[in-house]
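Protein chains in written order, with the numbering used here: chain A, 35 to 234; chain B, 35 to 234.
There are 2 protein chains.
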Amino acid sequence: MVGQSTREKIIQAAMELFWLKGYNSTSVADLLSRTQLNSGSLYHVFPSKQDVLIGVLEAYRDGIGQMLLEPAWGQVDDPIEKIFALLAYYRVGIVETDHTYGCPIGSLALELHEPDPAVRELLVQNFNAWIGAVRGCLDAAGDRLPAGIDREALAEFVLTTMEGGVMQARTYRDVGYFDRGVAQLRTYFDHLQERARVGA
Amino acid sequence: MVGQSTREKIIQAAMELFWLKGYNSTSVADLLSRTQLNSGSLYHVFPSKQDVLIGVLEAYRDGIGQMLLEPAWGQVDDPIEKIFALLAYYRVGIVETDHTYGCPIGSLALELHEPDPAVRELLVQNFNAWIGAVRGCLDAAGDRLPAGIDREALAEFVLTTMEGGVMQARTYRDVGYFDRGVAQLRTYFDHLQERARVGA
DNA sequence: ACGCGAGTTGATTGATCGTTCAAACAACAC
DNA sequence: GTGTTGTTTGAACGATCAATCAACTCGCGT
Numbered sequence: 035m036v037g038q039s040t041r042e043k044i045i046q047a048a049m050e051l052f053w054l055k056g057y058n059s060t061s062v063a064d065l066l067s068r069t070q071l072n073s074g075s076l077y078h079v080f081p082s083k084q085d086v087l088i089g090v091l092e093a094y095r096d097g098i099g100q101m102l103l104e105p106a107w108g109q110v111d112d113p114i115e116k117i118f119a120l121l122a123y124y125r126v127g128i129v130e131t132d133h134t135y136g137c138p139i140g141s142l143a144l145e146l147h148e149p150d151p152a153v154r155e156l157l158v159q160n161f162n163a164w165i166g167a168v169r170g171c172l173d174a175a176g177d178r179l180p181a182g183i184d185r186e187a188l189a190e191f192v193l194t195t196m197e198g199g200v201m202q203a204r205t206y207r208d209v210g211y212f213d214r215g216v217a218q219l220r221t222y223f224d225h226l227q228e229r230a231r232v233g234a
Numbered sequence: 035m036v037g038q039s040t041r042e043k044i045i046q047a048a049m050e051l052f053w054l055k056g057y058n059s060t061s062v063a064d065l066l067s068r069t070q071l072n073s074g075s076l077y078h079v080f081p082s083k084q085d086v087l088i089g090v091l092e093a094y095r096d097g098i099g100q101m102l103l104e105p106a107w108g109q110v111d112d113p114i115e116k117i118f119a120l121l122a123y124y125r126v127g128i129v130e131t132d133h134t135y136g137c138p139i140g141s142l143a144l145e146l147h148e149p150d151p152a153v154r155e156l157l158v159q160n161f162n163a164w165i166g167a168v169r170g171c172l173d174a175a176g177d178r179l180p181a182g183i184d185r186e187a188l189a190e191f192v193l194t195t196m197e198g199g200v201m202q203a204r205t206y207r208d209v210g211y212f213d214r215g216v217a218q219l220r221t222y223f224d225h226l227q228e229r230a231r232v233g234a
């Protein structure tokens, strides 16, 4: 981690600060003091604050494997358990942040009310990557799920469960809200697998 | 609607602006120009901008019946259909706002990263009121749902489905994401009702 | 007519916002 | 040593932010 470029330093600081404080509440001055850089250096690399945001969203998109899936999945092999391992990984985030955790992408998606098209497109790409990863698990589950099922929609529903659970856990400062949501999803998955087994 | 008090004017404008632009991105100047008031009048009624937010959250909390439940439920009687009618009402919001709709409470819950205790408490009360309304429907559904089921958790899960669906529909600018989430929830409810019917 | 207090006016404050840019600096080529 | 190119410095800019307050208006009781 030696010889980190100016760009990398800023992206790294911005990922943390946008996550902790949000985009609007993070000032350029915050980024500068965190990175020990001067404003000129930042604006030499990024034309504007929004371009920092774009860099951050690209980093999340490109790093979903290394930053999220690999640590979440460890040595979990079963495709359906991978989905719940992913949710369990978010649970760790909630607990470790004293129940202030917010999904970095979800929070930005709700905070930015009139996002630039480039920003919105990157939010979409981030959601797509997440849904795609879950979708891959569902595909790998093969005939353990009912044949005619809409796997894409089910993957979206897993994202919904995560985002809704994170939002409530944070508002209530209580992981229980996340856990109970995941438990509902588990019941739903059990039902789907049972339906596939009896071939309904 | 004649003789509206200064306080009511501000709350009304703030409800709309916080919803459209978010709390941080709405300036006091925005509120003043919308209400045609001067800053002194606002600060005569509210000690600070945050107190306007508190007033807004109280208005949502106290108005959930008139503003949300009554219009959503119309003449729907069936308790389970009331739940889906509530979700259908949010769908109208999504479509009518050209897919930029965000739940006023959910958006604030994610935007405010270090909320004042009073603000957080009001977010909790708003979620409680919403969950409580759904919970009431589930209770009214009686033995159409499995006996041992955690109705509170199921009500929370309905909120999760709404918030997650709204977030995705807005990000993708596509109601389909909301619709498919609701469809998953419907499948889940069908399963629960079937389980209650056969008495599993 | 007069006084009183609730409510309003709007210019002004100091802080902070994102952004700029002339000047200085560093590394390499010739 | 001299020129060139890419990078960094940090004071400064205008805009905007939430908030203030002395002065003023106006309805009402007496």
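Here a beta-carbon is modelled for each residue, glycine too, at the ideal position from N, C-alpha and C.
Per DSSP, reduced to three states, the secondary structure at B/GLU148 is coil, with no helix or strand assignment.
Setting aside the 5 residues that flank it on each side, B/ALA175 is surrounded in the same chain by PRO113, ILE114, each with a C-beta closer than 8 Å to its C-beta; the list follows chain order. Every alpha helix (DSSP H) stretch that sits fully inside the segment 102-169 of chain A and reaches 4 residues is listed by chain position as 104-107, 113-130, 138-145. For A/LEU157, the nearest beta carbon of chain B is closer than 8 Å to its own beta carbon. Per DSSP, B/VAL209 lies in no alpha helix (DSSP H) segment and is marked neither H nor E.
Residue-level contact check: A/GLN100 does not touch chain B, since none of the beta carbons of chain B fall below 8 Å from its beta carbon. Taking a C-beta cut-off of 7 Å against chain A, the contacting residues of the segment 41-72 of chain B are LEU54, LYS55, GLY56, ASN58, SER59, listed in chain order.
Within its own chain, the residues whose Cβ lies closer than 8 Å to the Cβ of B/ILE98, once the five positions on either side in sequence are excluded, are ASN160, ALA163, TRP164, ALA167, listed in chain order.
Here A/THR60 carries a coil assignment [DSSP, helix/strand/coil]. B/ILE44: member of the alpha helix (DSSP H) spanning 40-55, first to last residue. Listed in chain order, the positions of the segment 135-161 of chain A with a beta carbon within less than 8 Å of a beta carbon of chain B are GLY136, GLY140, SER141, ALA143, LEU144, GLU145, HIS147, GLU148, ARG154, LEU157, VAL158, PHE161. Contact between B/ARG41 and B/VAL79 holds, with the beta-carbon distance rounding to 5 Å and staying under 8 Å. Listed along chain B, no residue sits closer than 9 Å to A/THR131 by beta-carbon distance, the nearest being about 11 Å off.
Contact between the segment 82-90 of chain B and the segment 118-133 of chain B is not established, with fewer than three Cβ pairs separated by less than 8 Å. For A/SER73, the uninterrupted alpha helix (DSSP H) run begins and ends at 73-79, by DSSP.
Short of 6 Å from the beta carbon of A/GLY140, and not among the five residues preceding or following it, lie these beta carbons of its own chain, in chain order: GLU197. Put simply, the CB of B/LEU188 is near chain A, with a gap under 8 Å to one of its CB atoms. The C-beta distance from A/ASN58 to A/GLU145 rounds to 7 Å, short enough to meet the 8 Å contact threshold.
Here B/GLN202 carries a helix assignment [DSSP, helix/strand/coil]. For A/LEU193, a Cβ of chain B is located within less than 8 Å of the residue's own Cβ. For B/ILE88, the enclosing alpha helix (DSSP H) stretches over residues 83-96. Against A/GLY127, chain B offers no close residue; the least beta-carbon distance is about 15 Å (beta-carbon pairs closer than 9 Å). Spatial neighbours of B/GLY127 in its own chain (CB-CB distance under 7 Å, excluding positions within 5 residues in sequence) are listed in chain order as TYR135.
Nearest to A/LEU71 by C-alpha distance, out of A/ILE45, A/ARG95, A/ALA93, A/PHE52, is A/ILE45. The closest CA to that of B/ALA217, considering only A/LEU54, A/GLU190, A/GLY74, A/GLU92, is found on A/GLU190. Taking the Cβ atoms as the reference, B/ALA106 lies roughly 18 Å from B/ALA93, outside the contact range of under 8 Å. Per DSSP, reduced to three states, the secondary structure at B/ALA175 is coil, with no helix or strand assignment.
With respect to A/ASP173, A/ARG154 sits apart: the two C-beta atoms are not nearer than 8 Å.
DSSP, read as helix, strand or coil, puts B/GLN218 in helix. Within 7 Å of the CB of B/GLN218, the CB atoms of chain A belong to ALA187, LEU188, PHE191, in sequence order along the chain. Taking each of A/PRO180, A/VAL90, A/GLY170 in turn and checking the Cα distance to A/LEU103, the smallest one comes out for A/GLY170. B/GLY166 is outside the set of residues whose beta carbon lies under 8 Å from a beta carbon in chain A. Residue state for B/ALA181 is assigned as coil, using DSSP reduced to three classes. Taking every protein chain shown into account, the CB of B/ALA152 has fewer than 16 other CB atoms within 10 angstroms, so this residue is exposed. At a Cβ-Cβ threshold of 8 Å, A/ALA143 and B/MET49 do not count as neighbours.
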